[in-house]
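Novice: Chains as they are written, first to last, in my numbering: chain A, 41 to 375; chain B, 41 to 375; chain C, 41 to 375; chain D, 41 to 375. Backbone N, C-alpha and C fix where the C-beta goes; we use that ideal spot for every residue, glycine too.
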């Protein structure tokens with residue numbers, strides 16, 4: 041594989057894309073602070089002299105990693121993703137996504153939305169389509185759940201993130217949600233990755249609990265290679281021999297990812313720990329380690345939650361946590 | 041969840057199914073050596089006295105595991121899956137599936153089919169749709185590959201197993217293949233599991249490289265719960281800290297699975313080791329540990345393979361291996 | 041095993057110990073804020089009525105964990121360990137131990153001591169006896185190294201922590217060091233644990249890279265059961281499938297340990313990551329997660345270090361890190 | 041490090057050793073089928089021309105691995121270890137070591153010895169010094185246990201393998217046992233490895249449950265580098281996320297070790313599985329994968345065992361297992 045980059049003004053782009061494609065190259069436009077960068081990929085036998093005729097600024101890039109568009113070599117400025125409600129992820133300001141595991145009723149999601157908004161979160165999380173280990177468990181309210189969540193979010197001015205499992209659910213999820221989530225078990229569901237890539241929507245990609253950091257970035261590359269640069273990476277714990285926590289939060293993944301990619305990195309302490317008592321220390325640690333955001337399970341009444349109640353915070357505890365999070369975020373901002 | 045079983049003659053089945061369903065129960069028919077067993081699932085508030093009116097033979101079953109249809113409690117005889125070419129999996133006789141990682145050309149798959157047939161294998165494996173870590177890698181020949189494989193298999197009287205990744209490819213794969221394979225990265229792709237479940241085709245389900253044995257059985261349960269009892273479980277290595285092998289073959293999984301489920305269990309030493317030199321000892325170990333079959337990568341010319349050449353056996357080495365496998369299988373048959 | 045506790049004044053202790061021992065019980069004195077607590081262990085057939093004659097305050101304690109003296113049930117106030125230079129570990133104020141992997145020369149350790157002191161650390165670390173994977177690698181300067189380290193530390197008013205590997209080295213290490221370190225590979229070297237327990241010296245016990253949190257606490261119990269309550273637990277990364285870091289820092293271990301034991305918990309980000317670039321985010325994360333201290337490799341000239349140069353910070357970088365650590369520690373103190 | 045080998049007749053050895061040592065080189069004598077090979081190690085600045093004066097047959101060896109004496113480059117014939125009772129390990133014939141976890145009484149060990157002898161085992165295993173996770177558990181009968189075991193073994197013509205934990209116990213263990221065992225938790229207890237190395241006794245080294253194969257061979261190298269070539273490697277399961285078995289038997293370690301070292305490799309299915317029901321399939325798999333021997337827990341009355349009863353076989357089951365083992369071993373011998 042040959043990788044070439046070409047930086048140029050907006051005017052020339054359409055023309056160049058056309059010519060490069062006619063030379064048999066795959067063309068990706070990567071937005072950077074210095075304007076769009078055209079990334080070209082092809083096989084070894086491409087005649088580079090032909091390409092030089094099209095552009096004198098084209099450069100051959102040697103990659104030490106198997107991913108291209110996710111790498112800092114192609115784009116060395118952080119990717120900032122701005123949502124319809126004006127919230128930006130990756131801009132330097134910490135973003136908090138919070139809400140229940142599943143949408144259960146209009147009242148439940150309304151209460152959750154109000155609570156997370158009041159505490160200072162900017163994005164409402166909630167599941168309408170739930171992946172469950174058992175085929176007999178509660179699998180979510182589906183489209184009805186999406187509608188309830190949208191209503192609750194709009195009232196509070198929150199954006200929405202929700203998971204998609206089945207390719208068939210992508211269109212309806214796109215209609216109601218601002219960010220589509222790919223769950224840990226689907227991190228290497230390449231067919232689903234391509235399909236959410238094509239939507240152009242911001243994608244929150246959870247690290248597979250079994251995936252190395254390199255595989256995680258390769259999974260992101262699947263989405264990016266569909267022309268969708270709006271990918272948010274989420275560390276949520278990996279599988280180890282330790283049984284005190286559900287999974288082991290790989291806190292080192294935050295700085296390692298930050299050193300390799302321009303994509304924003306957030307952390308989900310709720311699923312990593314599987315225990316609400318550990319959310320606070322893990323959330324604070326994630327902020328101190330440089331995360332761009334957090335994904336936290338908050339439920340108005342955890343004891344009656346249809347799933348993951350054990351790992352959900354009550355609104356009052358979440359409010360207190362947000363105060364502590366802000367203190368650490370402020371201390372980090374002084375560095 | 042309440043689980044009840046009802047054994048009855050074939051004649052009564054349709055009537056009973058109808059009545060149980062009208063009571064709000066999910067009904068599954070599990071074939072056993074003593075005739076069909078009706079398995080009923082419902083929530084706690086089902087009135088069991090109503091059910092007793094329908095059948096006096098109904099029994100309440102207490103489960104210690106979260107899976108039902110995969111468990112030995114429901115069905116204590118081994119499930120035997122018979123393919124159109126007459127080969128049976130799970131019958132006590134060792135079954136060998138062999139062939140290349142990907143179908144690359146008609147000649148390549150013809151050569152592979154002849155070689156594996158001559159050495160004594162009964163099923164041809166080969167990928168038409170390939171899951172690859174990189175979006176830029178070779179992803180298989182698709183439907184063209186399926187056609188080539190069918191042609192090669194038919195000439196040799198072999199059955200076919202091939203992987204499906206995308207729900208959209210299921211119908212075409214069903215048309216050409218005898219067994220659909222779900223790969224390790226899709227072991228918890230619940231949406232795909234349900235869809236292959238609905239086809240009724242035999243399904244070869246590979247263990248997720250980071251899935252516990254219980255999660256593996258729960259993944260099988262997704263397929264079974266669609267009414268498809270033809271599931272073959274495949275141990276193919278799990279992820280550990282050891283780096284000498286690509287994954288660590290969990291040889292204990294064979295007897296552990298055998299103690300918990302009636303489904304046949306096969307082993308893939310090629311993907312576990314990632315190195316052809318290890319295939320022989322791992323294949324022999326799998327047979328000695330009680331596996332019902334093996335899935336082995338064989339390529340006419342591994343050096344030029346488009347993928348996984350490093351872990352593929354040459355035909356001559358495979359023939360020698362089959363002799364050794366048969367010796368161990370014969371020794372096991374004496375026990 | 042029967043576990044009983046008896047709180048009493050200092051005067052009665054000697055008498056009671058004597059009587060309890062004569063009843064065949066093992067007796068441990070655990071210092072708490074409410075005065076010493078006598079912990080008694082025996083087998084089931086002890087006649088509790090006999091014990092009641094000795095003390096009316098004795099209580100039977102039901103343990104849900106296999107460790108006794110390390111548990112919060114026996115002692116619910118944090119254990120504070122005070123060193124000869126006046127520094128306390130576990131008191132609420134963050135303690136930093138820093139220095140080179142190995143003592144290499146008087147100048148090297150002098151430079152290191154000055155640098156870590158100036159940056160604000162309170163304890164000098166440095167190896168005189170080094171565990172090395174290879175029998176042919178540098179194994180430390182031995183007693184000569186201890187002398188150099190003591191000289192350097194005394195000049196700066198620092199305490200000393202150093203590792204012991206061989207039971208034969210314990211007496212000499214006790215002479216020169218303030219804290220004895222048990223390395224990750226010896227976490228379950230029960231013979232060594234008992235022997236350092238008998239010294240009464242503060243022991244820094246590193247978690248085995250393969251040990252669960254429960255096994256880690258059981259290892260501490262070996263030291264405590266020799267009557268030595270001065271144990272500092274150190275999380276330093278566990279072994280997982282991820283290869284970007286040498287080990288995976290188990291950040292959750294901090295709050296989990298804090299919930300189970302009264303012993304202080306520190307973190308070693310240097311060995312966890314195996315890369316100096318990751319020390320800062322991991323150190324800050326550890327403080328935010330509630331660690332009582334940090335153990336950081338600092339070398340005056342990492343490029344020429346005889347071991348672990350890759351994971352050692354230069355003095356200037358360490359000074360900068362200490363400023364950031366203090367900012368996070370201050371933010372934590374506001375909670 | 042420079043590594044040189046020099047093959048020569050027995051007569052010249054003493055002279056050469058003396059000269060090489062005077063040049064500042066470490067000298068190891070490795071016995072091979074072609075006579076002794078002198079292995080020399082030194083640092084880079086050794087003047088090789090000086091060495092050539094001593095021997096014209098000396099060769100410089102390039103190593104791709106960090107171990108020397110354990111590697112096949114130095115010695116490409118299998119190491120065969122012969123015990124006082126005439127049994128050889130590594131000779132091609134399968135060797136079985138069996139017996140209880142701990143020696144509990146003369147009668148218990150007598151019964152065990154008779155049972156394992158009658159079933160065809162050649163070596164009696166049994167613990168006198170037991171490593172236990174808890175300081176309060178049964179730690180073995182010590183020297184009394186050794187005496188009982190020797191008596192029982194001698195009556196049956198069995199050799200003895202027993203574990204040492206504490207350097208202080210080495211002399212007494214050497215007096216009574218034929219093979220000293222280093223347990224999984226001490227695999228990287230380098231101080232203990234050196235000390236058992238100095239005894240010259242055959243050493244059974246168990247793989248650390250979290251050690252890579254390379255680290256395992258480096259641990260063996262510690263023993264070999266003390267001049268003791270009698271090391272038996274024992275795979276006994278590694279730590280993974282799977283919880284159905286106590287550890288995951290790494291069956292691939294057998295062929296991987298066999299490809300890298302001349303040392304014999306045996307397998308302990310009892311500790312790997314932690315469940316007697318799994319011993320049979322794992323033992324048969326180990327033989328089929330090429331193991332030189334097995335280490336199996338057998339107890340006359342598992343229900344009353346002081347430790348590990350759950351994973352011990354009853355004599356009748358062990359006898360049946362030995363028949364099956366022999367069938368697989370015979371099938372393997374035909375290859």
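Taking the straight line between their C-alpha atoms, what separation do you get for residue 242 of chain C and residue 255 of chain C?
Specialist: Distance between the alpha carbons of residue 242 of chain C and residue 255 of chain C: 20 Å.
Novice: Could you have a look at residue 295 of chain C and say whether DSSP puts it in helix, strand or coil?
Specialist: Residue state, collapsed to three classes: helix.
Novice: What residues in the segment 254-286 of chain A bring their beta carbon closer than 7 Å to a beta carbon of chain B?
Specialist: Per Cβ criterion, the list reads 255, 258, 261, 262, 265, 279.
Novice: Kindly say whether residue 308 of chain D, judged by its beta-carbon, lies nearer than 8 Å to any beta-carbon of chain C.
Specialist: No, residue 308 of chain D lies away from the interface with chain C (no Cβ there is under 8 Å from its Cβ).
Novice: Applying a beta-carbon distance threshold of less than 8 Å, which residues of chain A neighbour residue 135 of chain C?
Specialist: The contacting residues do not exist; residue 135 of chain C stays about 18 Å from chain A at best.
Novice: Roughly how many angstroms separate the alpha carbons of residue 299 of chain D and residue 222 of chain C, rounded to a whole number?
Specialist: If I take the Cα positions, the gap works out to 35 Å.
Novice: Report the option in D/325, D/237, D/350 whose CA atom is closest to the CA atom of residue 286 of chain D.
Specialist: When each option's Cα is compared against that of residue 286 of chain D, the closest is D/350.
Novice: What number of angstroms, rounded off, separates the C-alpha of residue 68 of chain C from the C-alpha of residue 79 of chain C?
Specialist: Taking the straight line from one Cα to the other gives about 5 Å.
Novice: Using a C-beta to C-beta distance shorter than 8 Å, which residues of chain A count as neighbours of residue 375 of chain C?
Specialist: 364, 367, listed in chain order.
Novice: Taking one C-beta from the segment 131-147 of chain A and one from the segment 336-352 of chain A each time, how about it: are there three or more such pairs within less than 8 Å?
Specialist: Short answer: they touch.
Novice: For residue 290 of chain C, would you say it is in contact with chain A, using Cβ-to-Cβ distances shorter than 8 Å as the test?
Specialist: Residue 290 of chain C counts as touching chain A.
Novice: To which residues of the same chain is residue 354 of chain A closer than 7 Å at the C-beta, ignoring the five residues directly before and after it?
Specialist: Only 342 meet the Cβ criterion.
Novice: Would you please verify whether the beta carbon of residue 224 of chain A is less than 8 Å from any beta carbon of chain C?
Specialist: Not closer than 8 Å to any Cβ of chain C, the Cβ of residue 224 of chain A fails to qualify, so no.
Novice: Based on the DSSP secondary-structure assignment, which residues constitute the bridge partners of residue 138 of chain A?
Specialist: Residue 138 of chain A is bridged to A/164, A/336.
Novice: Determine, using beta carbons only, whether residue 317 of chain A and residue 274 of chain A come nearer to each other than 8 Å.
Specialist: Contact flag unset, no.
Novice: Kindly indicate which residue of D/321, D/44, D/277 has the alpha-carbon position closest to the one of residue 115 of chain D.
Specialist: Of D/321, D/44, D/277, the residue nearest in Cα terms is D/44.
Novice: Are the segment 154-163 of chain A and the segment 354-363 of chain A touching, with three or more C-beta to C-beta distances below 8 Å?
Specialist: Contact between the segment 154-163 of chain A and the segment 354-363 of chain A is present, because at least three Cβ pairs lie under 8 Å.
Novice: Kindly indicate which residue of C/177, C/259, C/337 has the alpha-carbon position closest to the one of residue 262 of chain D.
Specialist: Nearest option by C-alpha distance: C/177.
Novice: Is there contact here, the segment 46-66 of chain A with the segment 87-103 of chain A, by at least three beta-carbon pairs under 8 Å?
Specialist: In short, these stretches touch, since the Cβ pair count reaches three.
Novice: Would you check if the segment 99-110 of chain A and the segment 163-170 of chain A touch, i.e. whether three or more CB-CB distances between them fall below 8 Å?
Specialist: With a cut-off of 8 Å, the segment 99-110 of chain A and the segment 163-170 of chain A do not count as touching, because too few Cβ pairs lie within range.
Novice: Mind listing which residues of the segment 191-216 of chain A have their C-beta closer than 7 Å to chain B's C-betas, in chain order?
Specialist: Flagged, chain order: 205, 206, 207.
Novice: Of all the options C/311, C/211, C/252, which has the alpha carbon lying nearest to the alpha carbon of residue 232 of chain C?
Specialist: Closest option to residue 232 of chain C, Cα to Cα, is C/211.
Novice: For residue 115 of chain B, which of helix, strand or coil comes out of DSSP?
Specialist: Residue 115 of chain B falls in the coil class under three-state DSSP.
Novice: Under 7 Å Cβ-Cβ, which residues of chain D neighbour residue 103 of chain B?
Specialist: Correct list: empty, because the minimum Cβ distance to chain D is about 17 Å.
Novice: Using CA atoms only, rank isn't needed, just tell me which of B/335, B/372, B/175, B/203 is closest to residue 169 of chain B.
Specialist: Of the listed residues, the one whose Cα sits closest to residue 169 of chain B is B/203.
Novice: For residue 99 of chain D, count the other beta carbons within 10 Å of its own beta carbon; 16 or more makes it buried, fewer makes it exposed. Which is it?
Specialist: Result: exposed.
Novice: Check whether the Cβ atoms of residue 138 of chain A and residue 336 of chain A sit closer than 8 Å, and answer yes or no.
Specialist: Yes, they are a contact pair.
Novice: Roughly how many angstroms lie between the CA atoms of residue 305 of chain A and residue 324 of chain C, to the nearest whole one?
Specialist: One C-alpha to the other measures close to 17 Å.
Novice: Just the chain B side, please: which residues come within less than 7 Å of residue 60 of chain A by C-beta, in chain order?
Specialist: In chain order: nothing, as chain B lies at least about 16 Å away.
Novice: Classify residue 102 of chain A as helix, strand or coil using the three-state DSSP reduction.
Specialist: Coil, per DSSP.
Novice: For residue 74 of chain A, which of helix, strand or coil comes out of DSSP?
Specialist: In this structure, residue 74 of chain A counts as coil in the three-state DSSP scheme.
Novice: Note down, in chain order, each residue of its chain lying with its Cβ closer than 8 Å to the Cβ of residue 181 of chain D, except the 5 sequence neighbours on either side.
Specialist: Cβ within range, chain order: 142, 143, 144, 168, 188.
Novice: Would you kindly report the start and end of the unbroken alpha helix (DSSP H) that includes residue 147 of chain C?
Specialist: Element bounds for residue 147 of chain C: 146-159.
Novice: Let me see if you follow: with CB-CB separation under 8 Å, is residue 328 of chain A close to chain C or not?
Specialist: Chain C contact via Cβ: present.
Novice: Pull out every residue of the segment 148-174 of chain C whose Cβ sits closer than 8 Å to any Cβ of chain D, in chain order.
Specialist: Under the 8 Å Cβ criterion, the segment 148-174 of chain C contributes 171, 172, 173, 174.
Novice: The alpha helix (DSSP H) that contains residue 239 of chain D, what's its start and end?
Specialist: Looking at the DSSP string, the run of the alpha helix (DSSP H) that includes residue 239 of chain D is 230-239.
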